[in-house]
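Remarks on the structure that follows.
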DNA sequence: GGACGAGATGTTTACGTAAACATGCGGAGC
DNA sequence: GCTCCGCATGTTTACGTAAACATCTCGTCC
């Protein structure tokens, strides 16, 4: 029944690609009828439909998406421009975007940018313009877009993640500030007099906002604000910060701007004989899967990357469907604090 | 000079999309000449070329990739089917694929599969067939493809990662066996009598091969082969294995099939007062960025994901350019052992 | 029984691009 | 001075699909 050996190119080198016309010829109908069957339109009598379906099966017909896109002026594809997939947050956001997009019948096209210079972003946008894409999601620290010199191709809808360009673009992001507040308040509630802080890179809006919130909570509570230590998201920079902090006898609590830097802190403290949480409490940010298995398990702020991804796609689709320009605004996804064993009240 | 305010939709609501015909009209030439300019063909006098370019700029012309694809029968896009982006290996491989593909003028389209059932993979292939894709790279534990019931759309080229289907498909993968051998030999060379092992999930070919190699090295060396402990890649399963292993007083060395499980081991050992590496040596696999900042820094097998990605793209492009069917075969990327501080000679 | 209508199917056309072929122009060679 | 050739540019056509319109065949109703 099933044609065997059909997975290759059967019958020598048949025509490169099967079109509706081929199916129509075999089924003895017009190509328009094939189109109707292919798209599930009504008004095709079932015997005809069966014939067409049989012909499709026999020839291995698959619709040509290029022709379809040309006809409809739509690609059913969303482009994602991003700096790097190697950060947990980005890859999980992308995964969520891809999943959600698939559920909506959209594919996603990835455009990685090795170095986030103005030129490269511009180039990516240009390429996106030429690409088969109905909307673009940008995952990036995006001051680059703020200069105004970047010309987004008209007709391409944009959603931005991790940016404060909410006045110009449609922005979706984790509620960084709220997450950071939760972290710092948790430590204060435990009885710590103040909280030290390891920042992310200055170029990151997410990092900036976490740091701002940390400072704001301390100031509101009337606590001293220790000088922040500067990190760059990497475990290594956390390690360096940890060596520094271990020297401050009055440091009893640290809020690291992400989990990897918290990991570096943990290692540094461990090597220097500083016990966590007995001597110093540590809170991270992200809640990467491994965080529960750090030594000790890390108290951290959970980000709902899946939700961010979902809202990105939703925003993009809204724009596509409304055919409207981007409605600027910021959509914040809430966080939650996950308390594990790296935090405790200070020793008296 | 530069038209201002051009970033939106200038001039009210001009025609939805600028075509070559529009440019041609404005420039006072035929659309064919526009095409020639657009594609950098010779035989256009420079004054004409300038006129056309000016018209393009003024109208914000961007070529329609759907029409182009229809014309050429090519999409300049590679599809990537994968199970999950959340594993480090996958996301880094995808990133490398995306980067390499971009360098070759190809975009990549992501098709995530939530649950790797036969049906879902089939569905993904079907969708890929309908999608605008010239080749497909599958990153997946892929016995599913081995059943033979999955009918790959003819004309779509396939490269597979993490599979032993090298007899049927073009496979690119890290040299898992060699990496595992390096890990086990390192431990034996340090003087350990034998090496215990935490496996990956049974469904993973990568995991299987690492386990096979572990066993083979021990047997070759005439060492006893302890019963392997079964993990599932997660830190959690490593943690469970660690609790088990800590009870075996004769266990002095463990090879975990990935770094996350090694992390779980480290945590379990730490909690139970087993010192690493003094009491037990631990080796992982992957060399995730954090591995250098575990407590203690993890000795592990480095995988060159970037190279895997590069070769995938290369393989896919070769197939596209040769217009040939997949040439089955396996292309192995070498590994290297990174010695850090989680391994040491056994106590006497 | 004839007209009308509804439903099934066929025909024409356009989407934007670019190859293939056609035209028209000017200069070189005799 | 005329022909021929080469180069710049224009015209036609096809890629695969599907909307819009056209046609054709019944069955139904008066």
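Protein chains in written order, with my numbering: chain C, 470 to 817; chain L, 470 to 817.
Every residue gets a Cβ at the ideal spot worked out from N, C-alpha and C, and that includes glycine.
In its chain, beyond the 5 residues on either side, 547, 548, 625, 626, 627, 628, 785, 786, 788, 789 have a beta carbon closer than 8 Å to the beta carbon of residue 604 of chain L. For the C-beta of residue 735 of chain L, the chain C residues within less than 7 Å are, from N- to C-terminus, 764.
Between residue 756 of chain L and residue 800 of chain L, the C-beta spacing is not below 8 Å. Taking one beta carbon from each stretch, the region 711-718 of chain L and the region 741-757 of chain C have fewer than 3 pairs nearer than 8 Å; the two do not touch.
Approximately 5 Å separates the beta-carbon atoms of residue 535 of chain L and residue 535 of chain C; this is inside 8 Å, confirming the contact. In the DSSP assignment, residue 753 of chain C falls outside any alpha helix (DSSP H) and lies within the beta strand (DSSP E) extending over 750-755. Assignment of residue 534 of chain L by DSSP, reduced to helix, strand and coil, places it in the helix class. Residues of chain C whose Cβ lies closer than 8 Å to the Cβ of residue 759 of chain L are, in chain order, 704, 729, 732, 759. DSSP, read as helix, strand or coil, puts residue 551 of chain L in strand.
Closest in alpha carbon position to residue 675 of chain L, among L/518, L/630, L/723, is L/630. With a cut-off of 8 Å on Cβ pairs, the region 700-709 of chain L is not in contact with the region 646-658 of chain L, counting fewer than three such pairs.
Taking 8 Å as the cut-off, the Cβ atoms of residue 569 of chain L and residue 779 of chain L count as close. DSSP places residue 649 of chain C inside the alpha helix (DSSP H), whose first and last residues are 645-658. Within chain L, the residues placing a beta-carbon under 7 Å from that of residue 567 of chain C are 579, 581, ordered along the chain. Using a Cβ-Cβ cut-off of 9 Å, residue 534 of chain L is close to 535, 538, 544, 599, 600, 601, 602 of chain C, given in chain order.
Contact annotation for residue 627 of chain C against chain L: no contact, minimum CB-CB distance about 11 Å [criterion: below 8 Å].
In its own chain, leaving out the 5 sequence neighbours on each side, no residue places its CB closer than 8 Å to the CB of residue 740 of chain C. For residue 739 of chain L, the chain C residues whose Cβ falls inside 9 Å of its Cβ are 739, 764, 765, in order along the chain. Between the C-alpha atoms of residue 723 of chain L and residue 733 of chain L there is a straight-line separation of about 12 Å. Counting of Cβ neighbours within 10 angstroms places residue 753 of chain L among the buried residues, the total reaching 16 or more. Boundaries of the beta strand (DSSP E) harbouring residue 805 of chain C: 805-807, taken from the DSSP string. The C-beta of residue 576 of chain L comes closer than 8 Å to at least one C-beta of chain C. Residue 725 of chain L counts as buried, since at least 16 other C-beta atoms from the protein chains shown sit within 10 angstroms of its C-beta. If the five residues before and after residue 750 of chain C are omitted, its C-beta is found closer than 8 Å to the C-beta atoms of 656, 659, 661, 721, 722, 723, 768, 811, 812, 813, 815, all from its own chain and listed in chain order. In its chain, beyond the 5 residues on either side, 670 have a beta carbon closer than 6 Å to the beta carbon of residue 701 of chain C.
The alpha helix (DSSP H) runs lying completely inside the region 678-738 of chain C and spanning 4 residues or more are 704-714, given in chain order.
Look at the region 635-652 of chain L: it has no residue with a C-beta under 9 Å from a C-beta of chain C. A Cβ-Cβ contact shorter than 8 Å links residue 608 of chain C with residue 551 of chain C. Under the Cβ criterion of 8 Å, residue 809 of chain C is not counted among the residues facing chain L. Looking from the CA of residue 695 of chain C, the closest CA among C/663, C/798, C/668 belongs to C/663. In the three-state DSSP reduction, residue 579 of chain L falls in the strand class (E or B).
Using a Cβ distance threshold of 8 Å, residue 771 of chain C and residue 808 of chain C do not count as a contacting pair. DSSP places residue 802 of chain L in the uninterrupted beta strand (DSSP E) bounded by 798-802.
Take residue 504 of chain C, set aside five residues on each side of it, and the residues of its chain with a beta-carbon closer than 7 Å to its own are 489, in chain order. Residue burial annotation: residue 541 of chain C is exposed, with fewer than 16 other C-beta atoms found within 10 angstroms of its C-beta.
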